[in-house]
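Novice:
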Amino acid sequence: MDDSKFGLKNWRIVTAQLAFLLLFLALVEYLVRADIIGSLYLSKPTQVVIEIVSLFSKGVIFHHLLVTLGEFTAGYVLSAIAGVGTGLFLVLVPRAESFFRPFLSALLAVPKVTIIPLLMLWVGIGLSHKIAIVFLFCFFTIAFNTITGIKQTADNHLKVARVFEATRFQTITKVILPSAAPTIFVSLRVSAATGLVGALFGEMIASKDGLGNLLVQATSTYDTAKAFAIITIVTIVSVLIISVIDLFERRVVLKWKSH
Numbered sequence: 001m002d003d004s005k006f007g008l009k010n011w012r013i014v015t016a017q018l019a020f021l022l023l024f025l026a027l028v029e030y031l032v033r034a035d036i037i038g039s040l041y042l043s044k045p046t047q048v049v050i051e052i053v054s055l056f057s058k059g060v061i062f063h064h065l066l067v068t069l070g071e072f073t074a075g076y077v078l079s080a081i082a083g084v085g086t087g088l089f090l091v092l093v094p095r096a097e098s099f100f101r102p103f104l105s106a107l108l109a110v111p112k113v114t115i116i117p118l119l120m121l122w123v124g125i126g127l128s129h130k131i132a133i134v135f136l137f138c139f140f141t142i143a144f145n146t147i148t149g150i151k152q153t154a155d156n157h158l159k160v161a162r163v164f165e166a167t168r169f170q171t172i173t174k175v176i177l178p179s180a181a182p183t184i185f186v187s188l189r190v191s192a193a194t195g196l197v198g199a200l201f202g203e204m205i206a207s208k209d210g211l212g213n214l215l216v217q218a219t220s221t222y223d224t225a226k227a228f229a230i231i232t233i234v235t236i237v238s239v240l241i242i243s244v245i246d247l248f249e250r251r252v253v254l255k256w257k258s259h
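If you use this note's numbering, the sequence shown closes out at 259, no skipped numbers anywhere.
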C-alpha cells in the first residue's frame, strides 16, 4: 500500500472517530436537555465547554494546573530514573534479582491507596507527599517492564557485541537498552496516566491547590459542569503527556538505530 492510500485510510478513520464522538456528545446533550438524565448527574457538553472557557478566561485553572504538573513531573521523572535503573541493575546482577525480586513483588501487590495515609505521617501533606504518591504509582510498573524488556534481548545481539569486544557500558547502551526500549516506553506511557491519577488523588485527600483540589470543590458543591470540565482538562493533559512520550520514544529509537 502506497503512502497516499495509507494516509487516506487514516483520515477516514479519524473522520469516523470524530463523527462518533460528536454523535455521542449530541446524544448526551439531548438526554440532559430533555430531563431524561438529571443535570445533577450529567452535564450538558455545551455547558462543560462554557465552563472550560470560563476557567481559562478567568485564569483560575493555570495555578492549579501548574501545581499538578509540577507534582506529576517530579514524581514521574524520579520513578522513571529509579525504575529503569533498578530493572537494569537486577538483570545485570542475577543474585541481586533473586534476592530483591520477592520483596518488589510483595510491594507491588500492596494497594497503593492504603499507603497514602501513612505517607502523610512520614512526609507531611506538602509537595513531597504528592511526589511520593506519583512515584509509588509509577515505579513498580517501570521497574518490572524494564526487567522484562532487558531479558528479551536477543542472544545473537549479545554474542555479536562480545565478538566485537564491546565494553560492558557499550553493551548496555548499544545493545541491551535499545532492545528493551519498546517495552520500557510502554511502561512509561502506562505510568504517565496512572501517575497523573496519583497526583490528583493526593490532592483530593490533602491539598489546597491542584486540579484534584479543584475537582473536590466542584463535587462538594454539586457543580457537575465544573467537575466534568476539570475531568476533560485532565484527560487532555494526559493525552498530551503520552504524545510527548511517544515523540521522545521515536527520537530515542531513531537515534539508536542510526548508530
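By construction, the Cβ of each residue, glycine as well, lies at the ideal position given by its N, Cα and C atoms.
For a test of your reading of the model: does the CB of leucine 177 fall under 6 angstroms from any non-hydrogen atom of the ligand FAD? Yes or no.
Specialist: Absence of the ligand FAD is noted for the structure shown, with no ligands found whatsoever.
Novice: Closer than 6 angstroms by C-beta to methionine 1: which residues in its own chain qualify, once you throw out the five before and the five after it? Chain order, please.
Specialist: Numbered from its first residue, the sequence shown carries residue 1 at position 1. With a pLDDT of only 49 at methionine 1, under the threshold of 50, the placement of this residue in the model should not be trusted, and no figure is reported.
Novice: Note down, in chain order, each residue of its chain lying with its Cβ closer than 7 angstroms to the Cβ of threonine 219, except the 5 sequence neighbours on either side.
Specialist: What you label residue 219 is simply residue 219 of the sequence shown in a count that begins at 1. Ala227, listed in sequence order.
Novice: Identify whether tyrosine 76 lies in helix, strand or coil by the three-state DSSP scheme.
Specialist: For this step, residue 76 is matched to residue 76 along the sequence shown. Note: tyrosine 76 maps to helix in three-state DSSP.
Novice: Does histidine 129 pass the burial test, meaning 16 or more other C-beta atoms within 10 Å, or should it be called exposed?
Specialist: Taking the first residue of the sequence shown as position 1, residue 129 is located at position 129. Classification of histidine 129: buried, given that the 10 Å Cβ count is 16 or more.
Novice: Rounded C-beta distance between isoleucine 233 and leucine 211? I'm assuming under 8 angstroms.
Specialist: The count along the sequence shown starts at 1 and reaches residue 233 at position 233. The count along the sequence shown starts at 1 and reaches residue 211 at position 211. Isoleucine 233 to leucine 211, Cβ: 7 angstroms. Contact.
Novice: What distance in whole Å lies between the Cβ atoms of valine 123 and glutamate 71, which are believed to be in contact at a cut-off of 8 angstroms?
Specialist: Working through the sequence shown from its first residue, we reach residue 71 at position 71. Working through the sequence shown from its first residue, we reach residue 123 at position 123. Going by Cβ atoms, the distance from glutamate 71 to valine 123 rounds to 13 angstroms, so no, they are not a contact pair.
Novice: Measuring straight from C-alpha to C-alpha, what distance separates threonine 260 and leucine 18?
Specialist: The structure shown does not extend to residue 260, since the chain is modelled only from 1 through 259, so no value can be given for it.
Novice: Measure from the alpha carbon of leucine 127 to the alpha carbon of each residue in Thr148, Ala181, Leu69, then state which is nearest.
Specialist: Along the sequence shown, one-based indexing puts residue 127 at 127. Considering only alpha carbons, the answer is Leu69.
Novice: Please give the ranges of any alpha helix (DSSP H) in the segment 155-196, keeping only runs that are unbroken, at least 4 residues long and fully inside the region.
Specialist: As far as the segment 155-196 is concerned, its whole alpha helix (DSSP H) runs of at least 4 residues are 155-163, 168-171.
Novice: According to the neighbour-count rule (16 or more other Cβ atoms, all chains shown, within 10 Å of its Cβ), is phenylalanine 62 buried or exposed?
Specialist: Taking the first residue of the sequence shown as 1, we reach residue 62 at position 62. Phenylalanine 62 is exposed by the Cβ-count criterion.
Novice: Using 10 angstroms around the beta-carbon of leucine 90, count the other beta-carbons present and answer buried if the total reaches 16, otherwise exposed.
Specialist: Within the sequence shown, residue 90 is the residue found at index 90, counting from 1. Answer is buried; the Cβ neighbour count reaches 16.
Novice: Are the Cβ atoms of tyrosine 30 and glycine 195 separated by less than 7 angstroms?
Specialist: For the purposes of this step, residue 30 is identified with residue 30 of the sequence shown, where counting begins at 1. For the purposes of this step, residue 195 is identified with residue 195 of the sequence shown, where counting begins at 1. Not in contact: tyrosine 30 and glycine 195 (Cβ atoms no closer than 7 angstroms).
Novice: Alanine 192 and isoleucine 245 look like a contact to me (Cβ under 8 angstroms); what is the Cβ gap, rounded to whole Å?
Specialist: The count along the sequence shown starts at 1 and reaches residue 192 at position 192. The count along the sequence shown starts at 1 and reaches residue 245 at position 245. With 8 angstroms as the limit, alanine 192 and isoleucine 245 qualify as a contact, their Cβ atoms being about 6 angstroms apart.
Novice: Excluding sequence positions up to five away, which residues of its chain have a Cβ less than 7 angstroms from the Cβ of valine 175?
Specialist: Indexing the sequence shown from 1 puts residue 175 at position 175. Cβ neighbours of valine 175 beyond the five flanking positions: Thr153, His157, Leu158, Ala161.
Novice: For the candidate residues Asn10, Ile231, Gly202, whose alpha-carbon lies nearest to that of isoleucine 131?
Specialist: Against the sequence shown, residue 131 aligns to sequence position 131. When only C-alpha atoms are compared, the closest one is Gly202.
Novice: DSSP three-state label for leucine 92, please.
Specialist: Here residue 92 refers to the residue found at position 92 of the sequence shown. Looking at leucine 92 - three-state DSSP - the assignment turns out to be helix.
Novice: Do serine 187 and isoleucine 142 have their C-beta atoms within less than 7 angstroms of each other?
Specialist: Here residue 187 refers to the residue found at position 187 of the sequence shown. Here residue 142 refers to the residue found at position 142 of the sequence shown. Cβ atoms of serine 187 and isoleucine 142: closer than 7 angstroms.
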